[in-house]
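To start, the structure itself, in structure tokens.
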Amino acid sequence: MNILISKLMWQNGTRINQYVFAIIITIPLLSFGMVQGWLSPMISVLQSPQGPAPVPFTTTDISWMTSVTYITAIIVGAPMGHLTDRYGRKAMTLITTLSLIIYWQIKLLCLQPWALILARAIAGIPCSACYIVLPIYLKEISDIDLRGALGSLLILNRNIGYLASYVFADLLQVSTMLWIGLLVPTVVFFIFLIMPETPEFLVKQGKVDEAKNVLAWLRGVNILDQGLEQDIDNIVKVEKQTKADPKSVWKIIWQDRPTFKAFIITLVIKITQQFDGYLIVLIYAGFVTERAAEAISLKLSPNKQVMLIGLVQLVGSIVATCIVERTGRKLLLVSTSFAVGVGMLVLSGWFYATSVGTWLPGWLPVVAMCVCIFADAAGFQPISYIIITDLFTFQLRGTVSSFANICAKLSNFVQMKWFTKLCELISIHWTFLFFAVVSFSACVYTVLQFPETRHKTVAEIYEKLENKTQKKDVENDVA
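Numbering (our numbering), first residue to last: 8 to 486.
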């Protein structure tokens, strides 16, 4: 590792290694995006007697394929934060990448329903790990002024994976696409074998000198750099305080007021983001486009419709990467959650109006749908992952990420399993209205409670939260 660092050292303070490393770290999520994206255009193909599967898939088979990933993700996600803190970010990323390799290998060997359900169950490992391990890894190799931009690469690369699957499904044979899917994690796995662990975890392991080498490599500075020494000393100091504190992680979360408030903020934003309806819009994209085609000349094949959605997602992610360090987390979160709410409100109104026989232009729901998907990808979604690494220390990051991930996967499972029944019970326009209310509520909550975390340390953020808490206590005492 030290040989690699010495060979790839960039001097004069360039931080190109952080950018390159961040791109490599997020490629497993690109591969997982291909995993998720593969299913959408392939469902009808797998159900066809002329499809690549030995026997056509039944509705029950498809139901298990779409839901089993989230069941496994919940089970695997529970200990993932603890394992990440114990065995390291690099080791867990290697395991994540290995699970992706196994997933693609199973599908290459067999396309029987049981094999694909097994593969989708294994996909539950990266479904959790990519959203727990990779954000922590990214945060700990990034300078404070790059955290947002590099963190947004997670959703950007995932959406590249989505779009790649949609395009490959339209242009390539199934076996060719599966070989490409296998190639991506395989190459990344061998690259990761020579990549370094994060400085913070190395300090935790007592490898302070190695942590200095890694941090110097990431920043492109000499190992004797004064700022480097100071940052390593700060990491060592935090680690000593952590070891000296006998309280468990959950006890710290419950008893420390700023930490507890940060925990509540994280859960509210994470859960509202999952229930903002973006997942349902993706599922109903074909249905909305089909309804819109009745009023306008919009004739797209199912694959072309899915590719349009993937392109909108990707553009939103690119926008987030470009502006997140300029606008800040709070403004981006407020504006995009509001935009998602407006889109959902328009969809609700359009479905209601057309259900009672009122004419509305067919392009309206298509635009509203694209606004929802774009806004979610441009801010609401990436910020929900970035804030976990912004708001918590090394000691708490893994545990909070795991818990937030479990809540997210439960939310996804509920929506996937019962959305259709809910629409039958209260009709689709009321369901989209619910999503609009959730998005607007998230917008208001962010304005009132969320502290700006851009370019701020955890201590600075907690000081702001503590001041807000004390001010509220004073107001209650006066009342």
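Note that beta-carbon positions come from the ideal geometry of N, C-alpha and C, so glycine has one too.
Residues near residue i in its chain [Cβ-Cβ closer than 6 Å; skip 5 each side]
| i | result |
| --- | --- |
| I109 | I129 |
| A449 | T279 and S344 |
| F1 | What is shown of the chain runs 8 to 486, which leaves residue 1 out entirely. |
| S408 | G88, I139 and I395 |
| F358 | I435 and H436 |
| T76 | R127, A130, G131 and C134 |
| A269 | L398 |
| T249 | Q402 |
| I151 | H462 |
| V313 | S47, P48 and Y173 |
| E470 | none |
| S51 | none |
| Y26 | none |
| V191 | S38 |
| A360 | L367 |
| T91 | M99, V140 and G405 |
| L101 | F199 |
Nearest-angstrom beta carbon gap, residue j and residue i [assumed within contact, 8 Å]
| i | j | result |
| --- | --- | --- |
| Q388 | I139 | Going by Cβ atoms, the distance from Q388 to I139 rounds to 16 Å, so no, they are not a contact pair. |
| G155 | R22 | Wrong, their Cβ atoms sit about 15 Å apart, outside the cutoff. |
| E207 | K97 | Actually they do not touch by this definition, with Cβ atoms about 12 Å apart. |
| S55 | P63 | 6 Å |
| V83 | S135 | 5 Å |
| S384 | N164 | Note that residue 384 is Ala in the sequence shown here, rather than Ser. That belief does not hold up - the Cβ atoms of A384 and N164 are roughly 12 Å apart, past 8 Å. |
| Y169 | G317 | 5 Å |
| Y144 | I32 | 5 Å |
| L339 | G369 | Not a contact, Cβ separation roughly 31 Å. |
Residue-level contact to chain C via CB, residue i, 8 Å cutoff
| i | result |
| --- | --- |
| I271 | No chain C appears in this structure, which consists of one protein chain only. |
Same chain, Cβ closer than 7 Å to residue i, neighbours up to 5 away in sequence not counted
| i | result |
| --- | --- |
| S418 | I278, Q281 and F282 |
| L472 | P265, K268, A269 and P458 |
| M351 | G284, C379, F439, F442, A443 and S446 |
| V181 | P59 |
| P35 | T100, T103, T104, L107, P133, C137, L141, P192 and V195 |
| W95 | Going by the sequence as given, residue 95 is Gly instead of Trp. For G95, where only same-chain residues beyond five positions count, the Cβ hits under 7 Å are E204 and F208. |
| E217 | L209 |
Among the options, the one whose alpha carbon lies nearest that of residue i
| i | options | result |
| --- | --- | --- |
| S255 | I148, Q402 and K268 | Q402 |
| M72 | G95, C377, V210 and K114 | K114 |
| R264 | S51, N474, T33 and G44 | N474 |
| L141 | K471, N412 and Y469 | N412 |
| A122 | L53, L170 and I239 | L53 |
| I380 | I433, S362 and G323 | G323 |
| T104 | L157, Q43, V181 and V195 | V195 |
| G284 | M41, L440 and I143 | L440 |
| Q422 | W45, S70 and G40 | S70 |
| T66 | W261, I124, L153 and C117 | I124 |
| V245 | P368, G213, T193 and T460 | G213 |
| K247 | Q237, K211 and D92 | K211 |
| M376 | I30, I287 and G405 | I287 |
| L189 | V42, I31, I32 and L318 | V42 |
| I325 | V363, I276, A382 and K311 | A382 |
| K416 | L231, A85 and S362 | A85 |
| I330 | P35, I276 and I390 | I390 |
| V275 | V215, Q237 and V454 | V454 |
| Q456 | V341, P372, G348 and V374 | V341 |
| L153 | I187, I30, W261 and G40 | I30 |
| L118 | D68, K146 and I271 | D68 |
Beta-carbon proximity list for residue i, same chain, < 8 Å, skipping 5 on both sides
| i | result |
| --- | --- |
| L185 | W111, K114 and L115 |
| I10 | Since pLDDT at I10 reaches only 43, below the 50 mark, its modelled position is unreliable, and the value read off the structure follows with that caveat. Answer for I10: no residue qualifies. |
| E467 | none |
| S13 | At S13, the pLDDT of 46 sits below 50, so the modelled position is not reliable and the matter cannot be decided from this model. |
| F420 | S74, Y77, I78 and I81 |
Practice problem: May I have a chain-ordered list of the alpha helix (DSSP H) segments no shorter than 4 residues that lie completely inside the stretch 212-289? | Solution: 215-226, 233-251, 256-262 and 264-281
Practice problem: Taking only runs that begin and end inside the stretch 386-439, name each unbroken alpha helix (DSSP H) of 4 or more residues, in chain order. | Solution: Fully enclosed alpha helix (DSSP H) runs of 4 or longer: 388-398 and 401-433.
Quiz item: Taking only runs of the beta strand (DSSP E) that begin and end inside the stretch 316-382, which ones reach a length of at least 3 residues, in chain order?
Solution: none
Quiz prompt | Segments of 4+ residues assigned as alpha helix (DSSP H) that fall wholly inside the stretch 134-183 | solution = Counting only runs of 4 or more residues that sit fully inside the stretch 134-183, the alpha helix (DSSP H) segments are 154-158 and 160-178, in chain order.
Quiz item: What are the complete alpha helix (DSSP H) segments, minimum 4 residues, inside the stretch 14-73?
Solution: 23-54
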